[in-house]
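Encoded as structure tokens, the structure appears first; notes follow it.
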Amino acid sequence: MNARLPDPLPAAPVDARQSLGQLAVQLPGATAVFRRLKLDFCCGGQVSLAQAAADKGLDLAALVDELAALQRSAAAPDPQQPTRALIEHIVTRFHEVHRMQLPELIRMARRVEAVHRDHPQVPAGLADLLESAQGELLSHMLKEERVLFPLLAAGDGSFAGAPIAMMRAEHTDHGETLERIGGLTHQMAPPDGACNTWRALYAGLAQFRDDLIDHIHLENNVLFPRFDAPQPASLAMQGCGSTGCACG
Numbered sequence: 003m004n005a006r007l008p009d010p011l012p013a014a015p016v017d018a019r020q021s022l023g024q025l026a027v028q029l030p031g032a033t034a035v036f037r038r039l040k041l042d043f044c045c046g047g048q049v050s051l052a053q054a055a056a057d058k059g060l061d062l063a064a065l066v067d068e069l070a071a072l073q074r075s076a077a078a079p080d081p082q083q084p085t086r087a088l089i090e091h092i093v094t095r096f097h098e099v100h101r102m103q104l105p106e107l108i109r110m111a112r113r114v115e116a117v118h119r120d121h122p123q124v125p126a127g128l129a130d131l132l133e134s135a136q137g138e139l140l141s142h143m144l145k146e147e148r149v150l151f152p153l154l155a156a157g158d159g160s161f162a163g164a165p166i167a168m169m170r171a172e173h174t175d176h177g178e179t180l181e182r183i184g185g186l187t188h189q190m191a192p193p194d195g196a197c198n199t200w201r202a203l204y205a206g207l208a209q210f211r212d213d214l215i216d217h218i219h220l221e222n223n224v225l226f227p228r229f230d231a232p233q234p235a236s237l238a239m240q241g242c243g244s245t246g247c248a249c250g
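Residue numbers (my numbering): 3 to 250.
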């Protein structure tokens, strides 16, 4: 699965004058913070962050800092950095982020499916699909962290061929899951008049999709090729002489 890494963009500051609803949609992950603090971003989403914090007696500066911490840089890592550093980046920037993203997306999906079950565009089955995707992705990342990445970090590629092939196959499965999510959600486009929860769900799904695509790209196209065994010249010549070869 191929993907482009976006150009670096500066993170926009969190503006306490924005409404809870605006922040819920624009800042994936904010809904979990609001829910924990019992801030109503859906029906009461027109209230500003500053006003909501004052009404609840919350420390506004601390709340702004917590929301700002959810913003993630789109800067691509240096593809030439040492393998160990690249692996640490993948685990911190993607593995840990996916573990935070999916539970809240599943919760919102169940809420939207229940509240809007009679709406013609409700993404019926989305929560179950996300739960399945979560199980598969957690298993995938655990195999990388416990088996494959320690081998690669130690520079031992002699036994990495089979695990890498398995991870690439699972990456293809993850890509197919993203296609199914896109089909259920009209490519993460909420219907006219959608509530803040529905809009926040689709914004979070769009970020999850982009993060997973960049994650897969970084492993498939930057990390794993460092340990791919070179193909013997004799086999390469035989392949180029076969019918239907794409080499040319």
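Note that CB positions come from ideal geometry on N, CA and C, so glycine has one too. Predicted, not measured: the structure shown is a model, and the values here were computed from it.
Item	Value
The stretch 92-102 / the stretch 161-181 touching (three or more Cβ pairs under 8 angstroms)	no
DSSP state of S134 mapped onto helix, strand, coil	helix
Alpha-carbon spacing of I183 relative to A116, whole angstroms	18 angstroms
CB contact below 9 angstroms: R38 versus chain C	Absent from the structure is chain C; it holds one protein chain and no more.
Local conformation of S160 per DSSP, three classes	coil
D230 to P165 span [Cα, whole Å]	11 angstroms
Touching by the beta-carbon criterion (3+ pairs, under 8 angstroms), the stretch 101-113 and the stretch 201-215	yes
Alpha-carbon spacing of V49 relative to I215, whole angstroms	35 angstroms
Residue(s) in a DSSP beta bridge with G141	Here the sequence assigns Ser to residue 141, which means Gly is not the residue at that position. Answer is none; S141 lacks a bridge partner.
CB of L186 within 9 angstroms of CB of G127, strictly	yes
C-beta contact flag for H173 and E221 at 9 angstroms	yes
Buried or exposed by the 16-neighbour rule on C-beta atoms within 10 Å, applied to P84	exposed
Nonlocal neighbours in the same chain, by C-beta distance under 7 angstroms from F43, ignoring five residues either side	L22, G23, A26, T33, F36 and N198
Residue nearest to M110 in terms of C-alpha spacing, selected from P30, P193, V16 and F226	P30
Best match in A205, Q73, A54 and A71 for proximity to Q189 [C-alpha to C-alpha]	A205
Counted within 10 angstroms of its Cβ, other Cβ atoms place A70 as buried (16 or more) or exposed	exposed
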